[in-house]
Amino acid sequence: MRVPVFVLTGLLVTGALASAQTTTPIGNAGNTNPPAVTAPANNPKLDQYLLRWEQEMKKITTLEAEIARIDKDKSFGSLTKFVGSAKYMKAGSGATTLNLAFLELRQEGKTEIADKVICTGTYLYQFFPPQKEIRAYELPKPKPGQVADDGFLGLLFGMRAEEAKRKFGLTLVKEDAHYIYVDIQPRYPADKSDFNRARLVLNKDSFLPRQLWFEQVNGTEVTWDIPRLRVGTDIPRSVFDAPRVPSGWKLVPVSRASNNSPTAGGGTPVPAGENTNPPRVIRPSNK
3 MRVPVFVLTG LLVTGALASA QTTTPIGNAG NTNPPAVTAP ANNPKLDQYL LRWEQEMKKI
63 TTLEAEIARI DKDKSFGSLT KFVGSAKYMK AGSGATTLNL AFLELRQEGK TEIADKVICT
123 GTYLYQFFPP QKEIRAYELP KPKPGQVADD GFLGLLFGMR AEEAKRKFGL TLVKEDAHYI
183 YVDIQPRYPA DKSDFNRARL VLNKDSFLPR QLWFEQVNGT EVTWDIPRLR VGTDIPRSVF
243 DAPRVPSGWK LVPVSRASNN SPTAGGGTPV PAGENTNPPR VIRPSNK
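Residue numbers (the working numbering): 3 to 289.
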């Protein structure tokens, strides 16, 4: 894992609708298996849509969204749904632009937090409820003109259209009155370690994300759904401040030692096998 997302923080999540589109894309993405695709020749219509998508993403300064994440574990035949909210703010301009993000999810029917991520623009804080830990990852500075990450979840966070085509095999598989469906295949090893295949669904009136489905390398399917979002909202800057550590929890500042051995602040080892880079894909922390 490398640089985050959000979702989503996804990160994870971006869009610009004056009033949210509530029509559900054809087929419940949590139970849909988009077919594997190969990278096609240039498609002028897809190019047009990707450019419009890039242009609309650039306009966003703030947004709030209702989101859901559906995890389908094929090994156990289980389907788990999480619901919550996400917030995003673009702070500053030019080389000093910071992308601030907040994500909080609860398992449907439960009250305790299952996943929570805060991106301050310089650090990403991910909550791990089972361990009662908040892990703090320092974010690398983006390259000039780069929004946040040129990896997979950059597709939700403002990747340039040309960069998206360079990094992924993209296929315009269909469109209807409400949505545009684009299948995605990874080209590079770093992305292949994150997912096997994916599908991005864009709102046709806004050209911004409504849904992202992807299959992890272990076969688990994850769907990020955005049924409602608002842009241009007044969000307090404090929402994106570094979190206070709850009683009984601990903050683990994760850093990379000079010899690349995993350590946390003060030389304390992070959990065995834990990658010390910021999470490239926000995966469930409750499992």
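Just so you know, even glycine gets a beta-carbon here, dropped at the ideal spot from N, CA and C.
Checklist entry - Which whole-angstrom value describes the C-beta separation of L253 and I136, a residue pair presumed to lie in contact below a C-beta threshold of 8 Å? => result Residue 253 sits at position 251 when you count from the first residue of the sequence shown. Residue 136 sits at position 134 when you count from the first residue of the sequence shown. That pair is a contact at about 5 Å.
Next on the checklist: Measuring only the C-alpha atoms, how far is G123 from M161?
Outcome noted: The residue you call residue 123 lines up with position 121 of the sequence shown. The residue you call residue 161 lines up with position 159 of the sequence shown. Computed Cα separation, rounded: 17 Å.
Checklist entry - Going along the chain, which unbroken runs of the beta strand (DSSP E) with 3 or more residues stay wholly within the segment 91-133? => result Correct list: 100-109, 115-121 and 125-130.
Next on the checklist: With H, G and I counted as helix, E and B as strand and the rest as coil, what does DSSP make of W251?
Outcome noted: By one-based count along the sequence shown, residue 251 stands at place 249. W251: coil per DSSP, three-state reduction.
Checklist entry - In terms of alpha-carbon separation, which member of A103, T99, P211 and P132 lies closest to A88? => result On the sequence shown, position 86 is the one that residue 88 refers to. With distances taken between CA atoms, A88 lies nearest to A103 out of A103, T99, P211 and P132.
Next on the checklist: Between the alpha carbons of P188 and F242, how many angstroms are there, rounded?
Outcome noted: On the sequence shown, residue 188 is found 186 positions in, with the first residue counted as 1. On the sequence shown, residue 242 is found 240 positions in, with the first residue counted as 1. The straight-line gap from Cα to Cα measures roughly 31 Å.
Checklist entry - Which one of E68, R201, S95 and S240 has the shortest CA to CA distance from G171? => result Your numbering for residue 171 matches position 169 in the sequence shown. Checked all of E68, R201, S95 and S240; the closest Cα to G171 is R201.
Item to check | Cut-off 6 Å between Cβ atoms - residues of its own chain near P132, not counting five sequence neighbours on either side | outcome: The residue you call residue 132 lines up with position 130 of the sequence shown. Cβ neighbours of P132 beyond the five flanking positions: none.
Checklist entry - Does the segment 51-68 come close enough to the segment 229-244 that 3 or more CB-CB pairs lie under 8 Å? => result Here the segment 229-244 makes contact with the segment 51-68; the two share three or more CB pairs at distances below 8 Å.
Next on the checklist: Just verifying my parser: in three-state terms, what is the DSSP assignment at F242?
Outcome noted: Taking the first residue of the sequence shown as 1, we reach residue 242 at position 240. DSSP, read as helix, strand or coil, puts F242 in helix.
Next on the checklist: Among Y90, P245, L53 and H180, whose alpha-carbon lies nearest the alpha-carbon of D236?
Outcome noted: As a position in the sequence shown, residue 236 is number 234, starting the count at 1. Nearest Cα to D236 within the set Y90, P245, L53 and H180: Y90.
Checklist entry - Quick one: Cα of L210 to Cα of S257, how far? => result As a position in the sequence shown, residue 210 is number 208, starting the count at 1. As a position in the sequence shown, residue 257 is number 255, starting the count at 1. Rounded to whole angstroms, L210 to S257 spans 34 Å at the Cα level.
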